[in-house]
Amino acid sequence: MIIQHISSLLHNHDCVIVPGLGGFVANHRASVIKEDKNLFLPPAKEIGFNRSLIHNDGLLANCISRSEGISFEEALIAIEDFVSVVRADVAVGKSVDLCDIGSLRGDAIGNILFTPSTTNSFLPEAFGLASFRFEPLDYNHTVKFEREIRVPRALKQKTSRYYWGAVAAMMAGLLFLTTSELKTPELNQEAGFLSLLQPTTVFNNTETQSTEVIEPVEVIQEVQDIYTATNNVKAKANKSFHIIAASFVKQEPAREALQSFIQEGFTNAQILDDEAGKIRIAIESFEHRETAIQKMDSLRNMPHFSSVWVYRSKK
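Positions in the sequence shown are counted from 1; adding 89 to them yields my numbering.
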């Protein structure tokens, strides 16, 4: 109980004193980029321990009193019991686990040493941010990749089929008109001119030529399917809040990671590619920020997804 209240206070206070034990002091650290390790560290609070701060400032006791619904004196007794247990464990060489704060242990001369934990930043402004590694950007590769994704191959293939289907239908129509003129020499020029103005009537009267026109109709349906799929993609794009599980700068490892997440059950996982060249894997997407944050908190309880965060896409 005492550890949870200390952790809660460290999010909004820079110093939390445990009377009779010591004070936990928070130092603000800006974001850091370690170029030698290709590592990005978001801003955070680094927690230290000062064993000289043992006086009672009332902050911890008041928090326990209000949260647990007990009197201030009862809260002080609970703190004293906690300190007694910690000091007894440290005295016999045990390490006391303080959850996401860190751990306490004793040295050879009886002093209490503190080892901070790196799982919690305690900085509200850095909520949702986590450390990650990145590789130097390959600008040549990025330009080549952008050119490849802008080529609508499927649409070009369907268009080509439609084009050649239309050409075949036109050639068949011209051939039919020519054959009709050879077999009926009694037709005058006016009748031939009217047949050119109404090619649909001629096609409908000829069973053989109507078969030639079927292929463009099927191609038009396939093209419509492409636009229908595009509309579906636009509908999904309304979900602008995404749960990010991994980030890459190259397409190949991103695709492998995407398949891995899909196999784990995240069937809606997708690749997000922004204008800066960063490729992110979104395992879930939502329309509202609150829903995305709730899902993120749920996933963070799983060891494999402890570093997921919420990203809002611009489109």
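From the three backbone atoms N, C-alpha and C, an ideal C-beta is built for every residue, glycine too. Bear in mind the structure is a predicted one, so any value in this text is a computation, not a measurement.
Could you tell me which residues DSSP pairs with residue i in its beta bridges?
i: residue 331; result: 374, 400
i: residue 139; result: 112
i: residue 121; result: 130
i: residue 97; result: DSSP lists no partner for residue 97.
i: residue 185; result: 193
i: residue 368; result: 337, 362
i: residue 106; result: 112
State buried or exposed for residue i, treating a residue as buried only when at least 16 other CB atoms are found within 10 Å of its CB.
i: residue 134; result: buried
i: residue 174; result: exposed
i: residue 191; result: buried
i: residue 106; result: buried
i: residue 94; result: buried
i: residue 253; result: exposed
i: residue 369; result: buried
i: residue 98; result: buried
i: residue 112; result: buried
i: residue 343; result: buried
i: residue 179; result: buried
i: residue 122; result: exposed
i: residue 119; result: exposed
i: residue 354; result: exposed
i: residue 262; result: buried
i: residue 259; result: exposed
i: residue 387; result: exposed
i: residue 141; result: exposed
i: residue 400; result: buried
i: residue 390; result: exposed
i: residue 96; result: buried
Could you tell me how far apart the beta carbons of residue i and residue j are, in whole angstroms, since I believe they sit closer than 8 Å?
i: residue 149; j: residue 168; result: 6 Å
i: residue 221; j: residue 91; result: Rounded, the Cβ-Cβ distance is 33 Å, inconsistent with contact.
i: residue 376; j: residue 332; result: Their Cβ separation, rounded to whole angstroms, is 13 Å, which puts residue 376 and residue 332 out of contact at 8 Å.
i: residue 361; j: residue 402; result: 6 Å
i: residue 193; j: residue 181; result: Contact flag wrong, Cβ pair sits at about 13 Å.
i: residue 381; j: residue 330; result: 4 Å
i: residue 371; j: residue 383; result: Not really, about 16 Å apart at Cβ, beyond 8 Å.
i: residue 114; j: residue 103; result: 7 Å
i: residue 137; j: residue 151; result: With 8 Å as the limit, residue 137 and residue 151 do not qualify as a contact, their Cβ atoms being about 23 Å apart.
i: residue 187; j: residue 143; result: Contact doesn't hold; Cβ gap of about 17 Å is too wide.
i: residue 223; j: residue 100; result: Not really, about 28 Å apart at Cβ, beyond 8 Å.
i: residue 226; j: residue 338; result: 6 Å
Is residue i near the ligand PLP, going by C-beta to nearest heavy atom under 7 Å?
i: residue 192; result: This structure lacks the ligand PLP, and indeed carries no ligand of any kind.
**Item:** beta strand (DSSP E) segments (min. 3 residues) lying fully within the segment 188-231
**Value:** For the beta strand (DSSP E) assignment, the uninterrupted runs of no fewer than 3 residues enclosed by the segment 188-231 are, from N- to C-terminal side, 191-195, 201-205.
**Asked** Three or more beta-carbon pairs under 8 Å between the segment 116-134 and the segment 187-203, yes or no?
**Response** By the Cβ rule, the segment 116-134 does not count as touching the segment 187-203, because fewer than three pairs are nearer than 8 Å.
**Asked** Are the segment 383-399 and the segment 333-340 in contact at 8 Å, needing three or more beta carbon pairs?
**Response** Here the segment 383-399 makes contact with the segment 333-340; the two share three or more CB pairs at distances below 8 Å.
**Item:** Length-filtered (4 minimum) alpha helix (DSSP H) runs lying within the segment 148-182
**Value:** If only complete runs of 4 or more residues are kept, the segment 148-182 shows the alpha helix (DSSP H) at 148-157, 161-180, in order along the chain.
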